[in-house]
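Student: Provided herewith is a single structure, encoded as structure tokens, for subsequent inquiry.
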Amino acid sequence: MLVRAYQTDSESELLPDLVGPAAFLFAASFETVANALTWSLFLLAQHPHIMAELYDELNQILAGEAPTISQLDQLPFLEATIKESLRILPPVPITYRAARRDTELDGVAIRSGDRVLCSQYVTQHLPELFSEPNRFDPRRWSSIQPGAYEYFPFGAGPRCCLGYTLGMTVMKVSLAMILQSFRLSVTPETRIDRLVKLTMSPKRGISMHIHKPDRKFEAVPVSGNIHEMVDLKQTNFHNSYFPQFQYGKSQFPRSASADRDAA
Ligand code: HEM
Numbered sequence: 003m004l005v006r007a008y009q010t011d012s013e014s015e016l017l018p019d020l021v022g023p024a025a026f027l028f029a030a031s032f033e034t035v036a037n038a039l040t041w042s043l044f045l046l047a048q049h050p051h052i053m054a055e056l057y058d059e060l061n062q063i064l065a066g067e068a069p070t071i072s073q074l075d076q077l078p079f080l081e082a083t084i085k086e087s088l089r090i091l092p093p094v095p096i097t098y099r100a101a102r103r104d105t106e107l108d109g110v111a112i113r114s115g116d117r118v119l120c121s122q123y124v125t126q127h128l129p130e131l132f133s134e135p136n137r138f139d140p141r142r143w144s145s146i147q148p149g150a151y152e153y154f155p156f157g158a159g160p161r162c163c164l165g166y167t168l169g170m171t172v173m174k175v176s177l178a179m180i181l182q183s184f185r186l187s188v189t190p191e192t193r194i195d196r197l198v199k200l201t202m203s204p205k206r207g208i209s210m211h212i213h214k215p216d217r218k219f220e221a222v223p224v225s226g227n228i229h230e231m232v233d234l235k236q237t238n239f240h241n242s243y244f245p246q247f248q249y250g251k252s253q254f255p256r257s258a259s260a261d262r263d264a265a
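Residue numbers (this note's numbering): 3 to 265.
What follows is the structure in structure tokens.
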């Protein structure tokens, strides 16, 4: 598509115009989804009660099969789990904007051309917006509806993510398939530190064990600065009763696509 859009026969002219967008698309689509999935699998493995509830929802609706598009809407706890994972460990933790004119933001003077950093990570960990922000709690999404600039893992405004729907769908289908087929557990004593570049990833990956789906979910001790970002109490699953998740509105806050369409 890009080659056809660029009407030239000269390879030297063509290459720079292709390489930039191709590399950007790769980072924007592959890196983000890969990190989101990695963090989600880690968070689920370390929260056995949540994993058990999600496993039951998946089995009840999908019975071991791949989800159809219409079934994706019948998995509210899966959606809430992904939203909570993108809140607590956003794959894109920081974005920048350049001011087009002199202005003022909460008493701070900003001159034309200044770069302003907007952090998903910092905002989505503010206790005034999300109670107990370091707690991985998908159930919170049954009672909160943050604004587009309070929760923005896919960015906000006219330059928000183009791949929001695709990204969410890939995550839902991947998690539904992986979690029905296997039980994943983190290798005990793994060190997990964040690496922040364009995206936020675990510095050395995350070593995990793959088991048959026996529902014996278990958290293990881990080290590293992951503990600054997520409360990880080692609670294991003992078949305790947890009330069924009640889900309210089944959409992301009016963010991303709505703002983009309005722009
Ligand atoms: C979990 C998955 C994803 C996350 C968390 C994510 C996050 C983001 C964020 C935060 C931005 C805005 C950057 C800014 O404001 O400067 C963005 C932009 C963008 N994303 Fe995604 N993204 C994801 C998946 C995807 C996928 C699957 C695609 C493509 C198929 C994609 C394509 C893009 C593109 C092209 C832009 C630039 C839009 C523009 O500048 O107008 N993203 N993404």
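Note that beta-carbon positions come from the ideal geometry of N, C-alpha and C, so glycine has one too.
How do the stretch 146 to 155 and the stretch 85 to 93 stand: do at least 3 beta-carbon pairs fall below 8 Å, yes or no?
Tutor: yes
Student: Report the CB separation of Ala68 from Met170 in whole angstroms; it is logged as a contact under 8 Å.
Tutor: Residue 68 sits at position 66 when you count from the first residue of the sequence shown. Residue 170 sits at position 168 when you count from the first residue of the sequence shown. So it is not a contact: roughly 16 Å between Cβ atoms.
Student: For Ile71 and Pro140, which I take to be in contact (beta-carbon distance under 8 Å), what is that distance rounded to the nearest angstrom?
Tutor: To locate residue 71, count along the sequence shown from 1; it is residue 69. To locate residue 140, count along the sequence shown from 1; it is residue 138. Not really, about 22 Å apart at Cβ, beyond 8 Å.
Student: Just to confirm before moving on: does the CB-CB distance between Met173 and Ile84 stay below 7 Å?
Tutor: Within the sequence shown, numbered from 1, the residue matching residue 173 stands at position 171. Within the sequence shown, numbered from 1, the residue matching residue 84 stands at position 82. Contact: yes.
Student: Please report the Cβ distance between Thr40 and Pro204, rounded to the nearest whole angstrom; I am assuming they are in contact, meaning their Cβ atoms lie under 8 Å.
Tutor: Residue mapping note: residue 40 aligns to position 38 of the sequence shown, counting from 1. Residue mapping note: residue 204 aligns to position 202 of the sequence shown, counting from 1. About 6 Å separates the two Cβ atoms, so the contact holds.
Student: If I follow the unbroken alpha helix (DSSP H) through Ser114, where does it start and stop?
Tutor: Sequence index remark: in the sequence shown, residue 114 carries index 112 (1-based). Looking at the DSSP string, Ser114 is not in any alpha helix (DSSP H), and its letter there is neither H nor E.
Student: Runs of 3 residues minimum, wholly inside the stretch 112 to 169: which ones carry the beta strand (DSSP E) assignment?
Tutor: 117 to 121
Student: Going by beta carbon distance, what residues of the same chain come within less than 7 Å of Thr189, once the five residues before and after it are set aside?
Tutor: Sequence index remark: in the sequence shown, residue 189 carries index 187 (1-based). Ser209, Met210 and His211, listed in sequence order.
Student: Where does Val198 fall in DSSP's three states?
Tutor: What you label residue 198 is simply residue 196 of the sequence shown in a count that begins at 1. Strand, per DSSP.
Student: What is the rounded straight-line gap between the Cα of Tyr243 and the Cα of Glu33?
Tutor: Your numbering for residue 243 matches position 241 in the sequence shown. Your numbering for residue 33 matches position 31 in the sequence shown. Note that Tyr243 scores a pLDDT of 42, beneath 50, so its modelled location is shaky; the value from the coordinates is reported in the next line. So the two alpha carbons sit approximately 37 Å from each other.
Student: Identify whether Met179 lies in helix, strand or coil by the three-state DSSP scheme.
Tutor: As a position in the sequence shown, residue 179 is number 177, starting the count at 1. Met179 falls in the helix class under three-state DSSP.
Student: Roughly how many angstroms lie between the CA atoms of Glu130 and Pro148, to the nearest whole one?
Tutor: Position 128 of the sequence shown, counting from 1, holds the residue named residue 130. Position 146 of the sequence shown, counting from 1, holds the residue named residue 148. Whole-angstrom Cα-Cα distance: 11 Å.
Student: Using only the alpha-carbon positions, how far apart do Asp233 and Asp19 sit?
Tutor: Along the sequence shown, read from residue 1 onward, the residue named residue 233 stands at position 231. Along the sequence shown, read from residue 1 onward, the residue named residue 19 stands at position 17. In this model, Asp233 and Asp19 are separated by some 45 Å (Cα to Cα).
Student: Measure the CB-CB distance between Ile96 and Leu77 and report whether it falls below 7 Å.
Tutor: Walking along the sequence shown from the start, residue 96 turns up at place 94. Walking along the sequence shown from the start, residue 77 turns up at place 75. No; because the gap between Cβ atoms is not below 7 Å, this pair is not in contact.
Student: Comparing the CB of Gly169 with every heavy atom of ligand 1, is any distance shorter than 6 Å?
Tutor: The sequence position of residue 169 within the sequence shown is 167, counting from 1. Checking every heavy atom of ligand 1 against the Cβ of Gly169, one is found closer than 6 Å.
Student: Going by DSSP, what residue range makes up the beta strand (DSSP E) through Ala100?
Tutor: For this step, residue 100 is matched to residue 98 along the sequence shown. From DSSP, the beta strand (DSSP E) with Ala100 extends over Ile96 to Ala100.
Student: Between the alpha carbons of Ser176 and Pro50, how many angstroms are there, rounded?
Tutor: By 1-based counting over the sequence shown, the position of residue 176 is 174. By 1-based counting over the sequence shown, the position of residue 50 is 48. Taking the straight line from one Cα to the other gives about 19 Å.
Student: Looking only at its own chain, which residues have a Cβ that is under 6 Å from the Cβ of Ser42, when we skip the five neighbours before and after it?
Tutor: For this step, residue 42 is matched to residue 40 along the sequence shown. Cβ within range, chain order: Ser87.
Student: Please list the terminal residues of the continuous alpha helix (DSSP H) segment that includes His229.
Tutor: Position 227 of the sequence shown holds residue 229. Ile228 to Met231 is the span of the alpha helix (DSSP H), which, as asked, contains His229.
Student: Nearest to Arg196 by alpha carbon, out of Asn37, Arg103 and Ser187?
Tutor: Here residue 196 corresponds to residue number 194 of the sequence shown, with the count starting at 1. Of Asn37, Arg103 and Ser187, the residue nearest in Cα terms is Asn37.
Student: Could you pull out every residue in the same chain whose Cβ sits closer than 7 Å to the Cβ of Tyr151, ignoring the five residues on either side in sequence?
Tutor: For the purposes of this step, residue 151 is taken as residue 149 along the sequence shown, with counting starting at 1. Hits under 7 Å: Ala158.
Student: Is Leu234 helix, strand or coil when you go by DSSP?
Tutor: Against the sequence shown, residue 234 aligns to sequence position 232. Reduced to three states, the DSSP call for Leu234 is coil.
Student: At the level of alpha carbons, what is the spacing between Phe79 and Asp116?
Tutor: One-based indexing of the sequence shown puts residue 79 at position 77. One-based indexing of the sequence shown puts residue 116 at position 114. Their backbone Cα atoms lie some 41 Å apart in a straight line.
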